[in-house]
Amino acid sequence: MSNRVLRAQRDDVPWDIAADVVVAGSGAAGWAAAIGAALSGAQVIVLEKEQQIGGTTGKAGGRFGGEVASTWLWICNHPWMADLGLSDPRPDALHYLARLARPELYTPNDATLGLPTAEYELLETFYDRGREAVGALADCGALPLKSLAGTLDYYADLPQNAAPNGRGLFLPMPDGTEGIGADIVDSMSAKATSLGVDVRTGSGVWGLVLDEDDAVIGVAAGERASDLVLVEARRGVVFATGGFTHDAQLRRNHLRGPVLGGLAGSGCTGDLVRIAAEIGLDLAGMNEAWHVPMVLDHAPAPVSGVFRLPGDSMIVVNTSGRRVVDEKTTYNEMTRVFFDWDPARAVYPNLPLVMIYDDDVSKRCRTMPEDVPVTEGGGNPLPPVAGEGHELVGATWAELAGLIDEKLATYQHLVPGARLDDSFVDALQETLARWRVMSDQGIDVDFGRGETSTERRRSGPPRREGMLNPTMHAFSDTGPYYAVILVPGVLDTKGGPRIDSRSRILRTDGQPVPGLYGAGNAIASPAGQAYWAGGTTLGLAVTFGWIAGVDAAGRI
């Protein structure tokens with residue numbers, strides 16, 4: 032056996048255990064594959080690298096104090112939209128998907144909307160079979176989902192989006208709350224177990240077994256590379272092992288900017304990417320990720336990302352004291368501003384960024400307003416108690432700046448060379464004066480903050496009636512003032528081997544590897560650079576995991 036591949040005839044391999052379908056990974060994609068295969072009559076084994084099941088799905092959302100940041104699935108034209116009186120026409124949905132997945136290629140009048148045919152077909156598949164996947168998982172009791180009627184897509188106002196709300200789905204809990212990722216894992220794994228699926232933890236997949244025709248016939252799995260068992264897959268192997276968030280070398284080599292870490296499950300170290308190098312898989316999307324800012328103090332493996340920046344008298348500035356982004360844009364899009372490059376100075380001028388706010392925001396925004404669903408703003412970077420943990424507090428702007436710079440000095444191992452400019456306080460005063468004028472006018476002429484329905488919805492109720500722009504308010508003339516330092520992170524990466532519309536993993540010649548499937552963040556995401564709405568990651572994972580499991584079970 033080479034590092035990752037053993038080539039042998041099936042009858043010559045001393046198999047330790049066997050199943051029809053072997054699923055690697057126990058997040059939403061893995062469970063969807065396992066359940067789909069089992070319901071199709073296959074005997075299934077799920078192999079999980081870690082000692083507990085769940086992967087990145089199991090970490091999604093959370094319960095923090097009195098708040099619950101629930102976990103959604105986003106599915107176009109799902110079976111419950113009609114109950115809401117909503118429709119999601121296929122042509123319009125495909126325009127929305129393509130417009131954001133490949134904005135540099137999007138061509139409205141082209142047969143494939145400007146996308147390569149293979150990529151367009153995956154978007155068609157997501158639309159056509161997403162409803163099949165969630166419908167089947169609901170019918171069997173694995174995911175008895177309900178609609179989130181009032182949720183808005185992240186680009187609800189784009190003209191290509193004919194169904195800007197209602198695509199979100201959640202798992203209802205007995206107490207009436209919306210389930211988090213761990214609840215989704217519990218529900219799906221319980222159903223898989225009832226179907227006879229064998230689950231083995233501490234069993235990472237280290238390599239593949241291929242026959243004389245280069246078909247995948249099994250895997251080598253175990254807790255360590257030196258202590259492996261050979262698992263026969265009579266019909267197919269499905270990889271749902273997540274991305275490469277926790278492999279620093281792969282992050283440096285492939286992502287488009289200096290990402291410092293992420294929230295993915297600890298087993299997400301690019302196992303399938305490593306295997307791909309040995310069997311000639313067609314990699315794509317390796318520069319993409321599901322981006323999210325992180326608090327500097329919590330990198331590289333935070334408990335939660337910064338999914339929403341609360342408050343109206345709040346802005347984000349770089350180390351020069353200048354605003355560089357619409358602070359109310361989605362977390363995925365905001366993170367991209369960290370990667371801007373200054374060719375004159377040969378630096379990343381926006382790494383890190385500093386969120387600053389006044390005492391009014393501190394008092395109002397440490398917990399979510401009661402009339403705003405927590406799902407619309409989980410990941411609040413303000414700690415529960417003012418001035419504790421990662422939050423900096425200064426009586427004046429000069430004092431706050433000194434504290435920011437002191438903290439940066441202690442984190443040079445993560446952000447080497449990052450310090451405040453000598454002119455930071457003066458530049459910040461100019462920025463705040465400009466912010467006051469724009470707030471009084473209700474128009475952010477620099478970055479368009481608060482101009483979309485999604486941004487206004489996610490910002491909660493205005494502090495008072497009659498505000499021209501409820502997301503903008505001038506800062507107080509007196510302190511205290513507050514700061515949180517932010518750096519770029521990911522939920523997980525998006526790159527890996529390409530798949531076709533049957534979730535079969537492809538070689539560089541475009542042909543599928545017989546018996547090899549992929550779903551979730553282990554493969555090149557059909558989303559491209561898009562993050563269409565909250566729940567996109569799990570919607571894709573469940574759809575293509577389901578397709579993989581059903582297709583693998585049908586192989587002879």
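Numbering (this note's numbering), first residue to last: 32 to 587. C-beta atoms are modelled at their ideal positions from N, C-alpha and C, and glycine is treated no differently.
For C299, which of G56, D51, M204, D43 has the nearest alpha-carbon?
G56
Alpha helix (DSSP H) segment containing T483, residue limits
That residue, T483, is in no alpha helix (DSSP H); it is neither H nor E in DSSP.
I295 - partner residues in DSSP beta bridges:
According to the sequence shown, residue 295 is Ala rather than Ile. In the DSSP output, where bridge partners are listed per residue, A295 has none listed.
Could you give the residue range of the beta strand (DSSP E) that holds V75?
75–78
The segment 551–565 contacting the segment 520–537, beta-carbon criterion three pairs below 8 angstroms:
yes
Here's the rule I'm using: 16 or more other beta-carbon atoms within 10 Å means buried, otherwise exposed. How should N363 be labelled?
buried
Buried or exposed for H444, going by 16 or more other Cβ atoms inside 10 Å?
exposed
Nearest to R533 by CA position, among P139, A251, V269, is which residue?
V269
Compute the Euclidean distance between the alpha carbons of W321 and A63, then round it to the nearest angstrom.
21 angstroms
Can you give the Cα-Cα distance for T87 and V250, rounded to whole angstroms?
22 angstroms
What alpha helix (DSSP H) runs, 4 residues minimum, are completely inside the segment 344–418?
362–366, 390–395
If we ignore side chains and look at the alpha-carbon of each, how far apart do G520 and P45 end up?
43 angstroms
Determine, using beta carbons only, whether I516 and L327 come nearer to each other than 9 angstroms.
yes
Does DSSP put R494 in a helix, in a strand, or in coil?
coil
Select from A213, T276, V385, K80 the residue whose C-alpha is nearest the C-alpha of A59.
A213
Between the segment 188–208 and the segment 47–56, do three or more beta carbon pairs fall short of 8 angstroms?
no
Can you tell me whether T509 is helix, strand or coil according to DSSP?
coil
is_contact[E263, chain B] using C-beta, thresh 9 angstroms
Checking the listed chains, one finds no chain B in this structure; it contains a single protein chain.
Measure the alpha-carbon distance for G590 versus G336 and round it to whole angstroms.
Any question about residue 590 goes unanswered here, given that the chain covers just 32 to 587.
What three-state label does DSSP hand K525 in the structure shown?
coil
Per DSSP, E243 is paired with what?
Partner(s): none; E243 has no beta bridge.
Quick one: Cα of S71 to Cα of L569, how far?
22 angstroms
For I106, count neighbouring Cβ atoms within 10 angstroms of its own Cβ and tell me buried if that reaches 16, exposed if not.
buried
Beta carbon of D477 nearer than 9 angstroms to that of R354
yes
Let me know the beta strand (DSSP E) ranges lying completely inside the segment 527–581, each 3 residues or longer, listed in chain order.
535–537, 543–549
Give me the DSSP bridge partner(s) of N196.
L183
Around the C-beta of W372, are 16 or more other C-beta atoms found within 10 angstroms, so that it is buried, or is it exposed?
exposed
Residues that H322 bridges to, as DSSP identifies them:
V521
Quick check on DSSP: helix, strand or coil for A65?
helix
Let me make sure I understand the geometry here. Which of M317, Q82, D159, L439 has the alpha-carbon closest to that of G253?
Q82
CA-CA distance, L174 and K222?
9 angstroms
With contact counted as at least three CB pairs below 8 angstroms, one residue from each stretch, are the segment 308–321 and the segment 278–286 in contact?
yes
According to the neighbour-count rule (16 or more other Cβ atoms, all chains shown, within 10 Å of its Cβ), is R121 buried or exposed?
exposed
Quick one: is E419 buried, meaning 16 or more other Cβ sit within 10 Å of its Cβ, or exposed?
exposed
Using only the alpha-carbon positions, how far apart do A583 and R266 sit?
6 angstroms
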